[in-house]
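One structure is given here, and the rest of the page talks about it.
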Amino acid sequence: MREILSELERWRSRGDRIAMARVVATRRSAPRPVGSKLIVSEQGELAGSVSGGCVESEVVEAAREVLAGGEPRLLTYGISDDLALSVGLPCGGEIDVWVSEPDPELLGELAGVVRGDRRAVALVDLDAGTERLVRDGEDEVADELIRGGHSKVVELEGARVFADVFGPPPRLLVYGAVDTADALCAAAHGLGWHTIVADARGRFATRERLPNADEILVAWPEETLAQVQPDHATAIVVLTHDDKFDVPLLIGALESEAFYIGALGSRRNQERRRERLLEAGVDESTLERISGPAGLDIGAHSPAETAISMLAEIMAVRAGRDGGRLRESRGRIHAEVG
51 MREILSELER WRSRGDRIAM ARVVATRRSA PRPVGSKLIV SEQGELAGSV SGGCVESEVV
111 EAAREVLAGG EPRLLTYGIS DDLALSVGLP CGGEIDVWVS EPDPELLGEL AGVVRGDRRA
171 VALVDLDAGT ERLVRDGEDE VADELIRGGH SKVVELEGAR VFADVFGPPP RLLVYGAVDT
231 ADALCAAAHG LGWHTIVADA RGRFATRERL PNADEILVAW PEETLAQVQP DHATAIVVLT
291 HDDKFDVPLL IGALESEAFY IGALGSRRNQ ERRRERLLEA GVDESTLERI SGPAGLDIGA
351 HSPAETAISM LAEIMAVRAG RDGGRLRESR GRIHAEVG
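Taking the working numbering, I'd label the letters of the sequence shown as residues 51 to 388.
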């Protein structure tokens, strides 16, 4: 929803009624993940996407009908002989789309949650057509859904409910204010991630050197980790080649819930780091969490290429994939991640 927030708030500010279409379920290969949204204003403006263009026109028409006084509705789109040349999904998948006109007050609450990077879940009753927002800490069942991080259809009190989960974007913590750090931040911004670069050397950790970083910290490793508090939605990359930075940062990272821990450097540097970490008391099995050398094997040289290599590996780990070539894969192309 972050990508449609500015349009949503602009339309709300002028008092427009707004219809929202949500992808509530997918089967096989689908062009957009569950939770994807498209909004339509009463003036006919559009923002967002539920299918990458495959069935957008049909969904927009349904949204206009809802704004004209129609009931909320659950639509299913796939591909068949009848639809193949008109409305359908050429990728061979199937999606369920819920189209409704959320209460204006609820839309305002949703916008506030997204703008403030808060955790919450919108519970949409697909049978009754009602919707309510539950914030983190207000309800045990809702809290469990929020912690799961995945939007999905569930059964609550005998009703089919779409749990639309909201939370802050994934975070990328980079230690070492080198050229690759800013390239990583620039690439991560394209994914909507929040980026943090830290370095104990103030002359390197500057806005001039790191124009794409959301946050810049001049801090030693222990202080950095204390400030950032890495969680299950945080990836950590170490770009320094100095034991006094690398070792304490990696030890702290291994004690965190970070879903990815990577370290740049040659295989020789990785072996040296490994020996230092073992000497510091880290056991062999724990060291397996460190991806080093970080990145996928794409022959990267420049900072931008290296950043793409590392970010691709981070995305693969987050999605539970191995990062291989799609043409050699037999599984689903698209992954559902929280």
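The beta carbon of each residue, even a glycine, is placed where N, CA and C say it ideally should be. The model shown is predicted, which means the values in this text are computed figures rather than measured ones.
Checklist line | Burial state of Ile-54, where buried means 16 or more other Cβ atoms lie within 10 Å | finding: Along the sequence shown, one-based indexing puts residue 54 at 4. Burial call: buried.
Next item on the list: Could you have a look at Asp-264 and say whether DSSP puts it in helix, strand or coil?
Entry: Within the sequence shown, the letter at position 214 stands for residue 264. Note: Asp-264 maps to coil in three-state DSSP.
Note to self: I'd like to know whether the C-beta atoms of His-239 and Thr-230 end up nearer to each other than 8 Å.
What the structure shows: As a first step, residue 239 is located in the sequence shown; it is residue number 189 there, counting from the start. As a first step, residue 230 is located in the sequence shown; it is residue number 180 there, counting from the start. No, the Cβ-Cβ distance between His-239 and Thr-230 is not below 8 Å.
Margin query: Pairs of beta-carbons, one from the region 174-182 and one from the region 104-117, closer than 8 Å: are there three or more?
Written below: no
Notebook entry, point to check: Quick one: is Glu-95 near chain C, going by C-beta distance under 8 Å?
Noted result: Any reference to chain C falls outside this structure, which holds one protein chain only.
Note to self: Rounded to whole angstroms, what is the Cα-Cα separation between Leu-66 and Gly-85?
What the structure shows: Counting from 1 along the sequence shown, the entry for residue 66 is found at position 16. Counting from 1 along the sequence shown, the entry for residue 85 is found at position 35. For the record, residue 66 in the displayed sequence is Asp; it is not Leu. For Asp-66 and Gly-85, the distance between alpha carbons rounds to 23 Å.
Note to self: Does Phe-295 come out as helix, strand or coil in the three-state DSSP assignment?
What the structure shows: By one-based count along the sequence shown, residue 295 stands at place 245. Three-state DSSP puts Phe-295 in a helix.
Margin query: Buried or exposed for Lys-87, going by 16 or more other Cβ atoms inside 10 Å?
Written below: Your numbering for residue 87 matches position 37 in the sequence shown. Buried, because 16 or more other Cβ atoms sit within 10 Å of the Cβ of Lys-87.
Check: When the Cα atoms are used, what is the spatial distance from Leu-361 to Leu-234?
Finding: Translated into positions along the sequence shown, residue 361 becomes position 311. Translated into positions along the sequence shown, residue 234 becomes position 184. About 7 Å.
Notebook entry, point to check: Can you tell me the Cα-Cα spacing of Glu-207 and Arg-317, whole angstroms?
Noted result: For this step, residue 207 is matched to residue 157 along the sequence shown. For this step, residue 317 is matched to residue 267 along the sequence shown. Whole-angstrom Cα-Cα distance: 55 Å.
Next item on the list: May I ask you to report which of helix, strand or coil DSSP gives His-239?
Entry: Indexing the sequence shown from 1 puts residue 239 at position 189. Reduced to three states, the DSSP call for His-239 is helix.
Next item on the list: Note down the Cα distance separating Ser-101 from Thr-126, rounded to an integer number of angstroms.
Entry: Position 51 of the sequence shown, counting from 1, holds the residue named residue 101. Position 76 of the sequence shown, counting from 1, holds the residue named residue 126. If you take the alpha carbons of Ser-101 and Thr-126, they lie about 12 Å apart.
Notebook entry, point to check: Nearest to Asp-186 by CA position, among Gly-345, Gly-199, Arg-169, is which residue?
Noted result: Locating residue 186 in the sequence shown gives position 136, where the first residue counts as 1. The candidate whose alpha carbon is nearest that of Asp-186 is Arg-169.
Notebook entry, point to check: Among the residues of its own chain, which have a CB less than 6 Å from the CB of Ser-130, if the five just before and after it don't count?
Noted result: As a first step, residue 130 must be located in the sequence shown, where it is residue number 80. Bear in mind that a pLDDT of 49 at Ser-130, under 50, signals an unreliable position, so the number given afterwards is only what the model happens to contain. Once the five neighbours on either side are set aside, Ser-130 has no close Cβ partner at all.
Checklist line | Own chain residues within Cβ distance below 7 Å of Trp-270, not counting five before or after | finding: Indexing the sequence shown from 1 puts residue 270 at position 220. So the list reads Ala-250, once near-sequence residues are dropped.
Item checked: Rounded Cβ spacing between Asp-296 and Ala-313 (contact assumed at less than 8 Å) -> Here residue 296 refers to the residue found at position 246 when the sequence shown is read from its first residue. Here residue 313 refers to the residue found at position 263 when the sequence shown is read from its first residue. With 8 Å as the limit, Asp-296 and Ala-313 qualify as a contact, their Cβ atoms being about 7 Å apart.
Item checked: Glu-205 - DSSP class collapsed to helix/strand/coil -> Locating residue 205 in the sequence shown gives position 155, counting from the first residue. If DSSP states are grouped into helix, strand and coil, Glu-205 belongs with the strands.
Next item on the list: Give every residue of the same chain whose Cβ lies closer than 7 Å to the Cβ of Leu-304, excluding the five residues on either side of it in the sequence, and list them in chain order.
Entry: Residue 304 sits at position 254 when you count from the first residue of the sequence shown. For Leu-304, where only same-chain residues beyond five positions count, the Cβ hits under 7 Å are Ile-311, Val-332, Thr-336, Arg-339.
Note to self: For Ala-369, count the other beta carbons within 10 Å of its own beta carbon; 16 or more makes it buried, fewer makes it exposed. Which is it?
What the structure shows: Numbered from its first residue, the sequence shown carries residue 369 at position 319. Burial call: exposed.
Item checked: Cutoff 7 Å; reference Asn-319; Cβ partners in own chain excluding five residues on either side -> On the sequence shown, residue 319 is found 269 positions in, with the first residue counted as 1. The residues are His-291.
Check: Do Val-74 and Val-147 have their CB atoms nearer than 8 Å?
Finding: Within the sequence shown, residue 74 is the residue found at index 24, counting from 1. Within the sequence shown, residue 147 is the residue found at index 97, counting from 1. Yes.
Margin query: Distance check for Val-278 and Leu-327, CA to CA, integer angstroms please.
Written below: Locating residue 327 in the sequence shown gives position 277, where the first residue counts as 1. Locating residue 278 in the sequence shown gives position 228, where the first residue counts as 1. Answer to the nearest angstrom: the Cα atoms are 22 Å apart.
Next item on the list: Whole angstroms is fine: what's the gap from Glu-181's alpha carbon to Pro-261's?
Entry: The residue labelled residue 181 in the question sits at position 131 within the sequence shown. The residue labelled residue 261 in the question sits at position 211 within the sequence shown. In a straight line, the C-alpha of Glu-181 is about 41 Å away from that of Pro-261.
Next item on the list: Look at the Cβ atom of Ser-359, then the Cβ atom of Ile-348, and state whether they are nearer than 8 Å.
Entry: Counting from 1 along the sequence shown, the entry for residue 359 is found at position 309. Counting from 1 along the sequence shown, the entry for residue 348 is found at position 298. Taking 8 Å as the Cβ cut-off, Ser-359 and Ile-348 qualify as a contacting pair.
Notebook entry, point to check: Which residues mark the beginning and the end of the beta strand (DSSP E) in which Gly-166 is found?
Noted result: Within the sequence shown, the letter at position 116 stands for residue 166. From DSSP, Gly-166 is part of no beta strand (DSSP E); its letter is neither H nor E.
Margin query: Let me check understanding here. Comparing Cα to Cα, which of Pro-81, Glu-188, Leu-222, Ala-97 lies closest to Ala-69?
Written below: Stepping through the sequence shown from its first residue, residue 69 is reached at position 19. Among Pro-81, Glu-188, Leu-222, Ala-97, the Cα nearest to that of Ala-69 is on Ala-97.
Next item on the list: List the whole-angstrom C-beta distance separating Val-344 from Glu-363, where the pair is believed to meet the contact cut-off of C-beta under 8 Å.
Entry: To locate residue 344, count along the sequence shown from 1; it is residue 294. To locate residue 363, count along the sequence shown from 1; it is residue 313. Rather than Val, the amino acid found at residue 344 in this sequence is Ala. Correct: roughly 7 Å between the Cβ atoms.
Note to self: If you reduce the DSSP assignment to three classes, tell me which class Met-70 lands in.
What the structure shows: The residue labelled residue 70 in the question sits at position 20 within the sequence shown. In this structure, Met-70 counts as strand in the three-state DSSP scheme.
Item checked: Contacting residues, own chain, Cβ-Cβ under 8 Å from Ala-161 (five flanking each side not counted) -> In the sequence shown, the residue the question calls residue 161 occupies position 111. For Ala-161, where only same-chain residues beyond five positions count, the Cβ hits under 8 Å are Leu-55, Leu-58, Glu-59, Arg-62.
Note to self: Just verifying my parser: in three-state terms, what is the DSSP assignment at Ser-107?
What the structure shows: Along the sequence shown, read from residue 1 onward, the residue named residue 107 stands at position 57. Note: Ser-107 maps to helix in three-state DSSP.
Note to self: By alpha-carbon positions, which one of Leu-241, Arg-210, Gly-120, Ile-89 ends up nearest to Glu-106?
What the structure shows: Within the sequence shown, residue 106 is the residue found at index 56, counting from 1. For Glu-106, the nearest C-alpha among the options comes from Ile-89.
Note to self: Here's the rule: buried if 16 or more other CB atoms are within 10 angstroms of the residue's CB, otherwise exposed. What is Asp-232?
What the structure shows: The residue labelled residue 232 in the question sits at position 182 within the sequence shown. The residue in question, Asp-232, is buried, as its Cβ has 16 or more Cβ neighbours within 10 Å.
Margin query: Excluding the 5 residues flanking Ala-283 on each side, which residues of the same chain have their C-beta closer than 6 Å to its C-beta?
Written below: The count along the sequence shown starts at 1 and reaches residue 283 at position 233. Contacts found: Pro-220.
Notebook entry, point to check: With distances taken from CA atoms, which of Ile-286, Glu-321, Arg-322, Arg-323 is nearest Ser-306?
Noted result: Here residue 306 refers to the residue found at position 256 when the sequence shown is read from its first residue. Closest by alpha carbon: Ile-286.
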